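Comments concern the structure below.
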DNA sequence: CCTACCGATCGGTAGG
DNA sequence: CCTACCGATCGGTAGG
């Protein structure tokens, strides 16, 4: 039994280390930028020598790609989960905005990296992430277009409204902190209402 | 006469070079980030050797500070110019939004740098720029608070509305290009209307 | 997981 | 404005 548990234990420890390194990269890339962060900084953050990082991650670039792809995966999945089973355009838009804001409030490091480091990605990962961002924006645009087509929204340009809503939610990652004066519930609710007003929804809140 | 014109001519040439170097830094810092840009890149962009840059700028950091302070100066002055002589909260908000959007559409390099490179600033410049950004946000918040106090806006939280409006306008710098499908006039007008709807203004457009 | 080390590149200076 | 060069730091590898 202990012979079988040993490799599993070693693998689990390696997985933990891999996660710890990723966590440190998340904090440091967010604070100092990808090019402003050295593998030495990350190593010091987790108490390893720089060269040991390469036992867990292939390169600094791989860390960045893992972070940025996972961020877009989460946002895309979060959108689909939020709007499913919503039976009106207003309910869907409000739910999507609240999910968008909640993600950016609770993952501000991921979001900062995602929004700043696209040029730091090597190809083909850069094109992949740009494609995912485009797909995310298109989901919003289609949702708003539907509301306009149904006569529920007054928005003149679904594309500009989508850009505006996405960007204002992203901004939450720059100032929201759990220790702050405003609760996440309140911020999400308020942004949901601002979103409905921005598109001229006939159903507010 | 030529003896007097000579130093003036030399000074003017130096001023031109200084501007050319700043222009190259604007493009490169925006595209690759401050830490991702080397003095060699900037030098190659203007056809000089890296060491020659130091005849025109004290350091790479001085270039960054000049760009970021000038950006905030322009935004603060643009706000004051836009809202002066506006006789209603709605007119003021619309004018401020249009000025904000126009700046971000026409100065996308400056805006990208301004929004990404705050951690790259050395103290005390970082605190100075952060102070200017705070002052800019406070101007918006005060403007919205006034509209709420007058019963012209429905906004529940002037602070959140200000953050949301600032951020959605900043986003324009990430996609707007003069060669694109949408004219600047149309984009500015549309964002002005979205701003009025977002705060629940009783006077739209 | 470490020590030792690689070549490349960094921002900036000396000196002319 | 250039050549030549500084010490520091970079991401990553060899070898154990």
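Protein chains in written order, with the working numbering: chain A, 3 to 207; chain B, 3 to 207.
The beta-carbon is built from N, C-alpha and C at its ideal position, and this holds for glycine as well.
All values reported here derive from a predicted model rather than from experimental measurement.
Spatial neighbours of residue i in its chain, beta-carbon cut-off 7 Å, leaving aside the 5 residues before and after
i                      : result
residue 172 of chain B : 106, 113, 117
residue 67 of chain B  : 123, 127
residue 94 of chain A  : 85, 88, 145
residue 143 of chain A : 160, 161, 164
residue 131 of chain A : 70, 71, 74, 120, 123
Residue i, buried or exposed, once every other Cβ within 10 Å from all chains shown has been counted against 16
i                      : result
residue 18 of chain B  : exposed
residue 206 of chain A : exposed
residue 136 of chain A : exposed
residue 133 of chain B : exposed
residue 203 of chain B : buried
residue 26 of chain A  : buried
residue 100 of chain A : buried
residue 197 of chain B : buried
residue 125 of chain A : exposed
residue 199 of chain A : buried
residue 79 of chain A  : exposed
residue 49 of chain B  : exposed
For residue i, the three-state DSSP class (helix, strand or coil)
i                      : result
residue 59 of chain B  : coil
residue 155 of chain B : coil
residue 128 of chain B : helix
residue 171 of chain B : helix
residue 206 of chain A : coil
residue 37 of chain A  : coil
residue 22 of chain B  : helix
residue 54 of chain A  : helix
residue 179 of chain A : coil
residue 76 of chain A  : helix
residue 9 of chain A   : A caution first: residue 9 of chain A carries a pLDDT of 42, below 50, which makes its placement in the model unreliable, though a value can still be read off. Helix at residue 9 of chain A.
residue 109 of chain B : coil
residue 48 of chain B  : helix
Beta carbon proximity, residue i to chain A, threshold 7 Å
i                      : result
residue 38 of chain B  : yes
residue 166 of chain B : yes
residue 77 of chain B  : no
residue 118 of chain B : yes
residue 121 of chain B : yes
Any chain B beta carbon closer than 7 Å to residue i
i                      : result
residue 159 of chain A : yes
residue 205 of chain A : no
residue 34 of chain A  : yes
residue 170 of chain A : yes
residue 198 of chain A : no
residue 87 of chain A  : no
residue 232 of chain A : Since the first residue shown for chain A is 3 and the last is 207, residue 232 of chain A is missing from the structure and cannot be characterised.
residue 182 of chain A : no
residue 64 of chain A  : no
residue 143 of chain A : no
residue 192 of chain A : yes
residue 133 of chain A : no
residue 153 of chain A : no
residue 49 of chain A  : no
residue 202 of chain A : yes
residue 149 of chain A : no
Own chain partners of residue i with C-beta closer than 8 Å, once the 5 adjacent residues on each side are dropped
i                      : result
residue 2 of chain A   : Since the displayed chain A opens at 3 and closes at 207, residue 2 of chain A lies outside it and no answer follows.
residue 5 of chain A   : Confidence in residue 5 of chain A is poor, its pLDDT being 37 and thus under 50, which makes the residue's placement unreliable; the coordinate value appears in the next sentence. Same-chain partners within the cutoff: there are none.
residue 176 of chain B : 110, 114
residue 37 of chain B  : 122
Beta-carbon proximity list for residue i, same chain, < 6 Å, skipping 5 on both sides
i                      : result
residue 163 of chain B : 146, 157, 201
residue 98 of chain A  : 81, 84, 85
Residue i: CB within 6 Å of a non-hydrogen atom of the ligand MN
i                      : result
residue 162 of chain A : Among the components modelled here there is no ligand, and therefore nothing to report on the ligand MN.
### Query
Below 8 Å, can you find three or more Cβ-Cβ pairs linking the stretch 173-186 of chain A to the stretch 147-162 of chain A?
no
### Message
Below 8 Å, how does it come out for the stretch 71-82 of chain B and the stretch 42-58 of chain B: are there three or more Cβ pairs, yes or no?
### Response
no
### Query
Are at least three pairs of beta-carbons, each pair with one atom in the stretch 85-92 of chain A and one in the stretch 31-38 of chain A, less than 8 Å apart?
no
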